[in-house]
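Asks:
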Amino acid sequence: MDSSDPEETALTRRQSAAETGPFVLRALLEDLPLSADGDRDDIEINCVEFLEQNLYVGTSASEILHFVQIPPDPADPSGKPSYILASRLPPAFHEPPNAARPGVQQILLLPKVSKACILCNWTVTFYSLPELSPVFGTTQIRPCNWIGGIDLNIDSSGSGQDVKAPSVTVLASLNKKIRVIKISEDPRGLRTIDFAGSVTSVRRDSFACVADSHSYALLDVDRLLKIPLFPISSLDVSQSGNIGGHVEDISGNTTGGISRSTSSAQGQPAVPTDKGHGRSTSLGTFMTGGARRAGQRAVSNDRSGRETPEGIFREASPTPTTARDPSPMNKPLPHPPPEAEATTESQQALPAPLAPVLLQPHVVSPTPQEFLLVTGTGPLDPGVGMFVNLEGDPTRSTLEFDRYPNQVVVDGRGVGVDPTPTTMDDEEEGFVLASMSRELGEESRNGIEIQRWDLDPGEGDNEKYWLEAPSSSSLKDTSGLVRIGLRSVVDPGDVYFEDVVDRLRLKRFQPFAERSMDASIWSSYSVDSRTVMSLERVSGERELFESTDSIPEGWEDDRNKEEQQFAQRLGQTRTRLVAWSGNTIWWTVRNPLALRLDASIADMTSSKIRDDKTYPSIDRRKLIEVVNSLRGREAKTETEFLSLGYIRQRAGLLLFMSGLDALAPPLSEPEYRICEDALLEGGLDPRVILAIVPCLRDEIVEGRKGIWIHGGVKYVADSFITNSLHENTESSQSSGVRSDHILNFLKRFLVAWRKKKGFGSIANENEVFRSVDAALLIILLQLDRSTPPGPPKGKSVRLDLYQLVDKGVDCFERAISLLESHRRLYVLSRLYQSRKMAGEVLATWRRIVEGEPDDGGEFREGEQKVRDYLTKIRNPVLVQEYGVWLAHRNPKLGVQVFAEDRSQVKFEPTQVVEILRTGAPGAVKDYLEYLVFSKNHAEYINELIAYYLDIVTSKLQESEEARTTLAQTYESYRALRPPKPTYRQFITDNTIDEEWWHSRLRLLQLLGGSQGSASQYDVAAILARIAPYTQELVPEVIILDGRQSHHEEALGLLTHGLGDYDTAINYCLLGGSSIYHPVSGTVALESRPTREQQATLFGFLLSEFLRIEDISNRVEQTSNLLERFGGWFDVGHVLSLIPDNWSVDLVSGFLVSALRRIVRERSETMVTKALSGAENLKVTADLIQKIDIAGPSIEAEG
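In the numbering used here, the protein residues as written are 11 to 1208.
1) Could I get the ranges of all uninterrupted beta strand (DSSP E) runs contained in the segment 591 to 660, with 3 residues as the minimum, in chain order?
2) According to DSSP, simplified to helix, strand and coil, what is Thr1106?
3) Would you check if the segment 127 to 141 and the segment 96 to 112 touch, i.e. whether three or more CB-CB distances between them fall below 8 Å?
4) From Glu971 to Ala977, what does the alpha carbon distance come to, in whole angstroms?
5) Please state if the CB of Val637 and the CB of Ile684 are separated by a distance shorter than 7 Å.
6) Using beta-carbon positions only, say whether His372 and Val418 come within less than 7 Å of one another.
7) If you draw a straight line from the C-alpha of Val190 to the C-alpha of Val209, how long is it?
8) Report the option in Val212, Thr649, Ser591 and Val1157 whose CA atom is closest to the CA atom of Ser183.
9) Given a cut-off of 7 Å, decide if Val887 and Leu880 are closer than it, judged by their beta-carbon atoms.
10) How do the segment 381 to 395 and the segment 407 to 423 stand: do at least 3 beta-carbon pairs fall below 8 Å, yes or no?
11) For a test of the three-state rule: what should DSSP assign to Ile6, helix, strand or coil?
12) What are the boundary residues of the beta strand (DSSP E) that includes Glu449?
13) Over the uninterrupted beta strand (DSSP E) stretch that includes Ile458, give me the two end residues.
14) Whole beta strand (DSSP E) runs in the segment 145 to 220 with 3 or more residues, listed along the chain?
15) Counting C-beta neighbours from all protein chains within 10 Å, is the total for Ser610 16 or more, i.e. buried, or is it exposed?
16) Pick out whichever of Leu1193, Leu42, Ala1200 and Glu1046 has its Cα sitting closest to the Cα of Asn593.
17) For Gly669, which option in Ser1203, Gln1015, Ile699 and Phe240 has the closest C-alpha, if you only look at C-alpha atoms?
18) When the distance is taken between beta carbons, is Ser653 closer than 7 Å to Leu603?
19) Is Ser913 buried or exposed, if buried means 16 or more other CB atoms sit within 10 Å of its CB?
20) Under 7 Å between the Cβ atoms of Gln578 and Val511?
21) For Ala674, which residues from the same chain have a beta carbon less than 7 Å from its beta carbon, with the 5 sequence-adjacent residues on both sides left out?
22) For the segment 895 to 904 against the segment 864 to 871, are there 3 or more C-beta pairs whose distance is under 8 Å?
23) Would you say the segment 952 to 971 touches the segment 1047 to 1056, given that touching needs at least three Cβ pairs under 8 Å?
24) For Asn885, does the three-state DSSP call read helix, strand or coil?
25) In chain order, which continuous runs of the alpha helix (DSSP H) of length 4 or greater are located wholly inside the segment 733 to 819?
26) Give the DSSP-derived three-state secondary structure of Trp718 in the structure shown.
27) Straight-line CA distance for Leu369 to Leu390?
28) When DSSP labels each residue in this structure, what does Cys821 get in the three-state scheme?
29) Sort out for me which residues DSSP pairs His76 with in a bridge.
30) Please report the distance separating the alpha-carbon of Leu852 from that of Leu814.
31) Please classify Leu896: is it buried, with 16 or more other beta-carbons within 10 angstroms of its beta-carbon, or exposed?
32) Cα separation between Val1141 and Lys990?
33) Since Asp1051 is in the beta strand (DSSP E), which residue starts that stretch and which ends it?
34) Would you list the residues sitting across from Thr583 in a DSSP beta bridge?
35) Assign Arg877 to one of three DSSP states: helix, strand, or coil.
36) Can you give the beta carbon distance from Ile612 to Thr598, rounded, assuming they're within the 8 Å contact cut?
Next up, the structure:
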């Protein structure tokens, strides 16, 4: 599409002549040939009518110009119709008695009967439609002031009426009466109304509001009743006795007044006033200049020389009102009371009467129940519009006209007014248009004053507008003024607004002068090479998917045609109002909402110059007023819906652009909120906003079908981008955009757009949300730079960033690039998690754990998180790969991956051992420890013992220091005086933080049988492994001797090698099992030796105690042993072992307890013997008793 087509030029040209009012003038016909010969320039247009593509123009030259419309080419909806002059008709008229010839005064079209009534020089003639051929012979009505009074409640086209005999009732004003005439195939007079000098009339049903040259009145044309209202000019004292209501003399005299009769309204239903318009305005407010009398008919002397012609009006006049049946419905109006008598001399001396002030009366009917009448004081003074109902009572607040109008028309049915069949298609807003001249400075200008009639004067929308004809300033008549005529014609005309089409039509928006393949300026770092595979894979899948949709050649031209055809409907409108001035006629058409508000916005724009370049500047306050005026406004038509959206888009865009203007102050937060609401409510494609921000422009994804927006919005955006391209790219992208206010506005705007995902109304959803997500990610990354490293605390931007990536983004590959460039690896891992890409998640975490920069610093305790994540995924390959990696870095944590019961992937322990031996040999021992000590898998004890032995023996073999350390522990322990801890407790309390030391402690724990698995390891093999180190591994040798039942050797080492006497005693009690178990009381009872075995072991221990080198230690340990465990010893054996030189006191405790035990045993034996004897006697007695019972038995020998 050519970006330099005349659309932008047209927009620029039209903005220079802003039309902000509710109505505009569009040419209907220009340069009318008012003069037949072209030799006169004093001919004026008096009246205009339009019906079924026929234009009738009445001139002051007593001619009717009949133009026929030639429709434009159907292939060009924007084309204007043309008009050709079909005829120039001079209507017949009776020569007036004076030389004044006003020309054609009225054109009354009656389409229902296909007739036209033309008033020319006070003579009415009749013609057929549309060609204006004379009908009814030579029938004329003369002298006639006006003809009209058609019932506005009836459709003028005749729809819904009797099609067999259609007829129309009109009113014709004669000098002294009004004739009611029924026109069908022939005209027929119905009745005569006695009302003289009337000059205009508007009728609703049977009620007609008429006016003569002095005052207004309501007539009931069926019952022949009159309600006098008020004078046209409040300075006209000539009607002081003829007008009803309360009156006052402007000279200062006060006279009495009466109330006018409302009998003409009897029998009619009460007419409610319109919504919100209960009024109590007094008609007397506008009546001054003398007393007025109700009930008296006004008599005009202006046309006393004129008579009603003969012909169809020869029938006798209807019976006067006074002769009618005085029924309640037709009773005459009451007579007024007598005038108040003067009471003072000043009242008797009245001033000389003023010259009468005559104003042209204006009567229109905005609703079926109301008439609007205009009064004033003079032609150069303001006028007042008064609303009365069918009873003559005020209904609304008055209207004020800046000058007394020349002509008045109304348009629209009015807000709150129920539609009728004749107003169903009318606009709801009601306007009154008045042509007048106004003084602007020293110049008098003609134009049309426009205001609402359906609103109170105090309401905000009730604003006056001034509309001038395009050439009104250059037209002059003999008085120096050229009046503008106004008329509501019978048929509406079509008006095409090309400007509406230009603005509302969707056009392709191209934000890039040339597509940049570089990252945005906020993506300054290169993408890590380890993400290239992920990017290529995801991008390849997307391209493969998109490549399946083919776009036909020439699709853009087809789209432009479709958009043009659609928008052309929006530019069509209709109007019944015409205006004319000089030799030009215009349609007075409602200004389309889009153009009206657009013009208001254009009026707010000015220009600023910087560096020899011109930049637009806008009045923000007025622009915000426009936006606020649209709040809550509901569209009633498709065109209004699109117009409201367009204006909101354009206003919001301009407001946002003003915030980027370096010459203007920054937007406040409330202004940003207003801008955001306007853009969201208007539905502007967010990519347009991104195009306005240079640093986000590269994030736009146009798609193969591009971005399509309203033409008016495109013009604004293109202008801004074009200007920005002339500035330095770096500075323009960096300046202003990094403001937190702008970034927060963009964040809120884009977040709101993300909520629309899945809406069917979003066109090009994929491209839109890819752009939105990428831009939002950049903005959040920028805002998050000020957040301290670490996990987020409370509500913060970092939480918003997490929420964005956790919910998934449509611009996945672009998001990877952005997060890599900003070194936000943890956020990148969350992005991968949103797509369940476990491999990429673990790879990213590994990069962080291995020290790659992560500016956010959120990944705390990374190894633990990797371990937890591996237990949740179901991919065995990933679990194995990263489990081995973790075991290599942190063996204790890594082995839990393979041994965790809750893991989704299970491995056999033998398989795990092989995996760890291959990938993390250092973790095998930890894995076995985890199995044995945490999971109590005793079957792996032998293998774990082998690992411990490897570690310990290797250390002893290569380190003399280690051997020395062990020897010193033995010496240190032996040097301790009792009571002292066990050797196991001693070396645990004095541990060395080295692997071999901890491995030896675990080895002792396993050899000591802490797992209840003494028979599950190979004692001989272990003895063979530690044989070279028996002097250093004394506890190990003791345990192994015990396992082989070499108790004497084991007790000897405990006593003499270690000096661990308490452990030696435990050895005897436990039979050599679990002597190094760290927790007491866990040995099973069935594994303990019998008392005889314990006695044997204690005998061995006594012998070893008696061989302790230190005599004091020997005596102490032997005495304690005998005293504590004397029950396991034989007294005789002990006495045979005790040296003869020992004092009895040393073993007194043992001897006393032994003797007590002997005495106790002897006593127990005696008691047992006595009990046995008693039991024997009892058994013998029982036997004898049973023999006696049985008696003797005889056995015969055979």
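Ideal placement from N, C-alpha and C gives every residue a C-beta, glycine not left out. None of these values were measured; they are calculated from a predicted model.
Replies: So, from the data block:
1) Along the segment 591 to 660, the beta strand (DSSP E) occurs as fully enclosed runs of 3 or more residues at 594 to 600, 615 to 620 and 623 to 628, listed in sequence order.
2) helix
3) yes
4) 10 Å
5) yes
6) For His372 and Val418, yes; Cβs fall inside 7 Å.
7) 15 Å
8) Val212
9) no
10) yes
11) There is no way to answer for residue 6, as the model of the chain reaches only from 11 to 1208.
12) Phe441 to Leu450
13) According to the DSSP assignment, Ile458 belongs to the beta strand (DSSP E) that extends over Glu453 to Arg462.
14) DSSP assignment within the segment 145 to 220 yields the following whole beta strand (DSSP E) runs of 3 residues or more, N-terminal first: 156 to 158, 178 to 183, 188 to 193, 197 to 203 and 210 to 214.
15) It is buried - the Cβ of Ser610 has at least 16 other Cβ atoms within 10 Å.
16) Leu42
17) Ile699
18) yes
19) Buried is the label assigned to Ser913, since at least 16 other Cβ atoms lie within 10 Å of its Cβ.
20) Cβ atoms of Gln578 and Val511: closer than 7 Å.
21) Ser627 and Ser668
22) no
23) Counting Cβ pairs under 8 Å, fewer than three are found: no touch.
24) coil
25) 739 to 744, 750 to 764, 775 to 793 and 807 to 816
26) Looking at Trp718 - three-state DSSP - the assignment turns out to be strand.
27) 10 Å
28) Looking at Cys821 - three-state DSSP - the assignment turns out to be coil, as it is neither helix nor strand.
29) Tyr66 and Ser97
30) 20 Å
31) Answer is buried; the Cβ neighbour count reaches 16.
32) 29 Å
33) Looking at the DSSP string, Asp1051 is not in any beta strand (DSSP E); the run it does join, the alpha helix (DSSP H), is Val1044 to Arg1053.
34) Bridge partners of Thr583: Val505.
35) helix
36) Here residue 612 is Ala; the residue named in the question, Ile, does not match the sequence. Contact flag wrong, Cβ pair sits at about 22 Å.
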